[in-house]
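Here the protein sequences line up with chains A and B, keeping their order. All you need for the numbering used here is the position in the first sequence, starting with 1, plus 446. All you need for the numbering used here is the position in the second sequence, starting with 1, plus 446. Yeah, the Cβ is synthetic: ideal placement off N, Cα and C, and Gly gets one too. Just so we're clear, the structure is a prediction, and the values are computed from it rather than from any experiment.
There are 2 protein chains.
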Amino acid sequence: MVLSKNKIKYFNSLNLKKNRDNEQVFIAEGIKLVGDLLPYFKAKYIVATTEWLSKNSHIADEIIEIENIEEMKKITLLSTPSSVYVVFYRSQYDFNLQDLLLKRELILALDTVQDPGNLGTIIRIADWFGIKNIICSHGTVDVYNAKTIQSTMGALARVKVHYVELRDVLDTFRKQGYPIYGTFLDGASIYNTELAKYGIIVMGNEGNGISDEIAKLVSDKLLIPSYPADELTSESLNVAVATAIVCSEFRRR
Amino acid sequence: MVLSKNKIKYFNSLNLKKNRDNEQVFIAEGIKLVGDLLPYFKAKYIVATTEWLSKNSHIADEIIEIENIEEMKKITLLSTPSSVYVVFYRSQYDFNLQDLLLKRELILALDTVQDPGNLGTIIRIADWFGIKNIICSHGTVDVYNAKTIQSTMGALARVKVHYVELRDVLDTFRKQGYPIYGTFLDGASIYNTELAKYGIIVMGNEGNGISDEIAKLVSDKLLIPSYPADELTSESLNVAVATAIVCSEFRRR
């Protein structure tokens, strides 16, 4: 198959969330990333150079071979095109609240995280620390955004990301006895607080933190103390960095 | 002053490290970032809209007022131009090895960290955890890169970043009895290892980790354990994320 005008149009259409959702696909580019994802996700299209195709085992509904990497510029989102561009089918899973409630696991909740790179890094952190589910408010950035995929590094194969009515879902968890943790500047030091083996860890928006309506549902306010306690430091930590420190504390115990 | 052709040429020349170094300056853009930096750094040029100038106190060698934010497009590095663009003078400080040795503090060492965003996030983490000095190999990305400045969020005012012959400097620290910590896949769990009150924490390159020649100088190999220990997870954590977890562990004790 060749990279026809119609195909170029189709691939570019997938830069819009609406079209990715309709097709239930996502895009991944780059030798490393594609290599990480191919064992876990079914490929709909692989666009690749002759060289990549000859060196890598690959299965896809359709394979498009290009002779020159320059051709990739017609579809790539990268500033420097890579030798491989893949449209993957998404894993199909439902958000089963009843099931999650019974499992009594540690779950991450994201309240309007906006930066695709931060979301990708958070998925990688969740994967590292054995967190299988992330629930996101509808205002959180799309997990199938190309930049998010780029920074997940394949962790997406092991972590489920659900978009939900976050207030309602947290309310249900709370009523079922789940502790709801969140970081606040007036929280108690995470180093000295008792942490349950299961519960929800809420992380907030990059600029505004956890929203007021979600903050009301938090049962345990935590703080990552700066050091030394009495000196002026940065106003806050990056949301992915804070997520990492909190998850590390939960798993350390 | 107006935004003359000569000035536009000058500002654009600062996108090259060589020219920023010659002038001993760096660029910061955006209301929040400029607001964070203005109290700490001397401004050489402020380019801003009439509105920004009327609302913010500001001192600079030269102030350039623009009527329309569209004009900013001639100089900005942002995809959406902001109402303020500033060329700041750098803080002047020397790398005084003798002085640092005597202080017996915790110091971060970066071995060829490549991503400007990662470096900026690491500086913010250092600031949060009271680390005053970061020593970088010459192969580490420029701290005065606009993307690094963007992600430091003002922490640059409190953390000193030095570019040094990393191998030689670490060797001196080691000979003076400093423990040199680094994270490795075959290290000992950081949660159960005794950590000194001072020492060097080495963080490696995004793709390749700590280089062989630097690894030889590490006295204490650490591991951030994934969870659960026997399951497949992401190959590694992002370098800024790993830095955060390690620094948090040092400061918790």
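Query: Minimum Cβ-Cβ distance from Val687(B) to chain A less than 7 angstroms; Result: yes
Query: DSSP three-state assignment for Phe534(A), whether helix, strand or coil; Result: strand
Query: Three-state secondary structure assigned by DSSP to Gly645(A); Result: strand
Query: At least 3 beta-carbon pairs within less than 8 angstroms: the region 587-602 of chain A vs the region 466-482 of chain A; Result: yes
Query: Gly628(B) versus Lys606(B) - alpha carbon distance; Result: 21 angstroms
Query: Range of the contiguous beta strand (DSSP E) that encloses Leu631(B); Result: 626-635
Query: Contacts around Ile646(B), its chain only, beta-carbon distance under 7 angstroms, and the 5 residues preceding and following it disregarded; Result: Ile553, Ala555, Leu616, Phe619, Tyr624, Ile626, Tyr627
Query: Test item: CB-CB of Ser529(B) and Ile515(B) under 7 angstroms; Result: yes
Query: Endpoints, the beta strand (DSSP E) within which Ile509(B) is located; Result: 506-512
Query: Cβ-based burial, Glu475(A) [other Cβ within 10 Å; buried from 16]; Result: buried
Query: Cβ-Cβ distance between Phe575(B) and Tyr673(A) below 7 angstroms; Result: yes
Query: Neighbour list for Pro562(A) in chain B, Cβ cutoff strictly below 9 angstroms; Result: None at all; the shortest Cβ gap to chain B is about 12 angstroms.
Query: C-alpha distance - Ile581(B) paired with Ser597(A), whole-angstrom precision; Result: 26 angstroms
Query: Contacts around Arg466(B), its chain only, beta-carbon distance under 7 angstroms, and the 5 residues preceding and following it disregarded; Result: Leu460, Phe472, Tyr590
Query: Coil, strand or helix - Ser597(B) by DSSP; Result: helix
Query: Proximal residues of chain A, C-beta to C-beta of Tyr637(B) below 8 angstroms; Result: Arg698
Query: In chain order, each beta strand (DSSP E) run of at least 3 residues that lies wholly inside the region 644-686 of chain B; Result: 645-649, 666-669
Query: Any C-beta of chain A under 7 angstroms from that of Ser503(B); Result: no
Query: Beta-carbon proximity list for Leu543(A), same chain, < 7 angstroms, skipping 5 on both sides; Result: Val615, Thr618
Query: Distance, Glu511(B) Cα to Val664(B) Cα; Result: 52 angstroms
Query: Within-7 angstroms CB hit, Asn654(A) to chain B; Result: no
Query: Below-7 angstroms beta-carbon distance, Ser672(A) vs any chain C residue; Result: Included in the structure are the protein chains A and B, with no chain C among them.
Query: Close-in-space but distant-in-sequence residues of the same chain around Thr495(B) (CB under 7 angstroms, 5 per side omitted); Result: Ile512, Ile515, Ser529
Query: Local conformation of Tyr456(B) per DSSP, three classes; Result: helix
Query: Amino acids of chain B, ordered along the chain, whose beta-carbon sits closer than 8 angstroms to that of Arg570(A); Result: Ser680, Leu683, Asn684, Val687
Query: Beta-carbon spacing of Thr586(B), Thr567(B) below 7 angstroms; Result: no
Query: Lys478(B) versus Trp498(B), Tyr491(B), Glu469(B), Lys463(B), residue with shortest Cα-Cα distance; Result: Trp498(B)
Query: Reduced DSSP category for Ile553(B) - H, G, I as helix; E, B as strand; rest coil; Result: strand
Query: Inter-residue Cα distance where the pair is Leu549(B) and Arg536(A); Result: The sequence shown places Lys at residue 549(B), rather than the Leu named in the question. Straight-line Cα distance between these residues: approximately 54 angstroms.
Query: Thr639(A) versus Glu611(A): straight-line alpha-carbon distance, rounded; Result: 29 angstroms
Query: Terminal residues of the alpha helix (DSSP H) in which Ser583(A) lies; Result: That residue, Ser583(A), is in no alpha helix (DSSP H); its beta strand (DSSP E) goes 579-583.
Query: Whole-angstrom distance between Tyr486(A) and Phe487(B), CA atom to CA atom; Result: 50 angstroms
Query: First through last residue of the alpha helix (DSSP H) which encompasses Ile569(A); Result: 562-574
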